[in-house]
Amino acid sequence: MSIERKGFGSAGGGEETRLFTLKAGPFSAGFSDFGATLVAFEAPAAGGGRDDLVLGFSRAADYEGSDAYLGATVGRFANRIARGAFSLDGKDFRLATNNGPNHLHGGKRGFDKRIWKTEGYEEGGAAALRFELFSPDGEEGYPGDLSVVATYRLDPAGILDLAFEAECGAPTILSLTQHAYWNLRGHDRGGILDHELRLAASRYLPVDETLIPTGELAPVAGGPFDFRTAKRVGRDLAAVGGYDHCFVLDREGGLAGSGAGEAAPALVDFAELRDPESGRRMRVATSLPGVQLYTGNFLSGFLGKGGARYHKHAGLCLETELFPDAPNRPDFPQATLRPGQVWRHATRYSFFV
Ligand code: GLA
Numbered sequence: 046m047s048i049e050r051k052g053f054g055s056a057g058g059g060e061e062t063r064l065f066t067l068k069a070g071p072f073s074a075g076f077s078d079f080g081a082t083l084v085a086f087e088a089p090a091a092g093g094g095r096d097d098l099v100l101g102f103s104r105a106a107d108y109e110g111s112d113a114y115l116g117a118t119v120g121r122f123a124n125r126i127a128r129g130a131f132s133l134d135g136k137d138f139r140l141a142t143n144n145g146p147n148h149l150h151g152g153k154r155g156f157d158k159r160i161w162k163t164e165g166y167e168e169g170g171a172a173a174l175r176f177e178l179f180s181p182d183g184e185e186g187y188p189g190d191l192s193v194v195a196t197y198r199l200d201p202a203g204i205l206d207l208a209f210e211a212e213c214g215a216p217t218i219l220s221l222t223q224h225a226y227w228n229l230r231g232h233d234r235g236g237i238l239d240h241e242l243r244l245a246a247s248r249y250l251p252v253d254e255t256l257i258p259t260g261e262l263a264p265v266a267g268g269p270f271d272f273r274t275a276k277r278v279g280r281d282l283a284a285v286g287g288y289d290h291c292f293v294l295d296r297e298g299g300l301a302g303s304g305a306g307e308a309a310p311a312l313v314d315f316a317e318l319r320d321p322e323s324g325r326r327m328r329v330a331t332s333l334p335g336v337q338l339y340t341g342n343f344l345s346g347f348l349g350k351g352g353a354r355y356h357k358h359a360g361l362c363l364e365t366e367l368f369p370d371a372p373n374r375p376d377f378p379q380a381t382l383r384p385g386q387v388w389r390h391a392t393r394y395s396f397f398v
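Note that our numbering numbers the sequence shown so that position 191 is 236, with each residue one more than the last.
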């Protein structure tokens, strides 16, 4: 295993950024300190050679100019908060609104647009990166200082582990995610509608016209949201107009908690994605209670790395998360983090080639 470092261009008002490439066995994962972003993930191909399975750009400035969150580590709050408003302990807070009337993915300059302090290390047979970020009280409207550590670890058997730990200086809200767009055939090999997906989720969150959950946990049974048995992603997609929904992950003993101040909930194996052409499979497990299945509906045909064009449905995101708009929904698993608590969650991606 090894860790390579090189420049990734300037961003953030002239600051230099870096690209770190973890190599373990036949796999490699490239991350930038700009947004703690997964820029590339290479896996071997059955017929020899390798493919890069995530959408990305070739320099930090392109990430800075994009609102697609390609591969980003997203915070403070993944997905939407209605009208950017919530109250906590009787106080009202206003967050930046950057998605129609709503707050999305941490606001105008979320964690995906910050340069994280990054340290690479080797551990057992694995190569790892520890990303650290400090978010001051008031940033994008959020209360309380917040320190976040995101650790990504790649092992030679094809397991990519992500672990989050965060602590705050005053009560706040938190839901971190990883926003990679996967295409198991290769990022430049067309769309994901033929991929097969299995999701261990018996319920999902219906949304209003601005993509805010209505509050209902609706059964998927028999409808277009039913992925409990693997099916082609494109099979029922037209009926939904493209997936951009949070699924409630089935878990023994009910929903996973907020992850604040407790031992991290156990990982639940909830997804398997398979590309029938390459035969590649990815399994995903998480301690979080939900996953946003997003089928790249807003990808507009922009130019990515290596001259690839990313059209609608070029990649698919499985964003593990607390539920969108949780701060306004007392009946959802709570997103509150308080001083003295540690917010802990983990997600594991396993690849089979
Ligand atoms: C999330 C959202 C989508 C979209 C993408 C980024 O997954 O749910 O609606 O905003 O991020 O483009």
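Quick reminder that beta carbons are idealized off the backbone N, C-alpha and C, glycines included.
Residue Ala81 holds the alpha-carbon nearest to the alpha-carbon of Lys162 among Ala81, Ser132, Ala90. Taking every protein chain shown into account, the CB of Tyr394 has 16 or more other CB atoms within 10 angstroms, so this residue is buried. Pairwise C-beta distances place the segment 217 to 227 in contact with the segment 122 to 133, as three or more of them are shorter than 8 Å.
Here Ala266 is exposed: its Cβ has fewer than 16 other Cβ atoms, across all protein chains shown, within 10 Å.
Closest in alpha carbon position to Thr331, among Ala88, Ala391, Gly341, is Ala391. Between Ala380 and Ile257, the C-beta gap is not smaller than 8 Å, which leaves the two residues out of contact.
At the C-beta level, Ser303 and Leu238 stay beyond 8 Å of one another. Look at Tyr108 here: in three-state DSSP terms it is helix.
Segment contact: the segment 314 to 330 against the segment 243 to 252, three or more CB-CB distances shorter than 8 Å; contact assigned.
If you check the C-beta of Asp112 against ligand 1, you find a heavy atom less than 7 Å away. Distance between Phe272 and Arg319, taken at the CA atoms: about 13 Å. Secondary structure note for Leu282: it is in no beta strand (DSSP E), and the uninterrupted alpha helix (DSSP H) holding it is 282 to 285. The three-state secondary structure of Pro89, taken from DSSP, is strand.
Within the chosen limit of 7 Å, ligand 1 reaches the beta carbon of Gln337 through at least one heavy atom.
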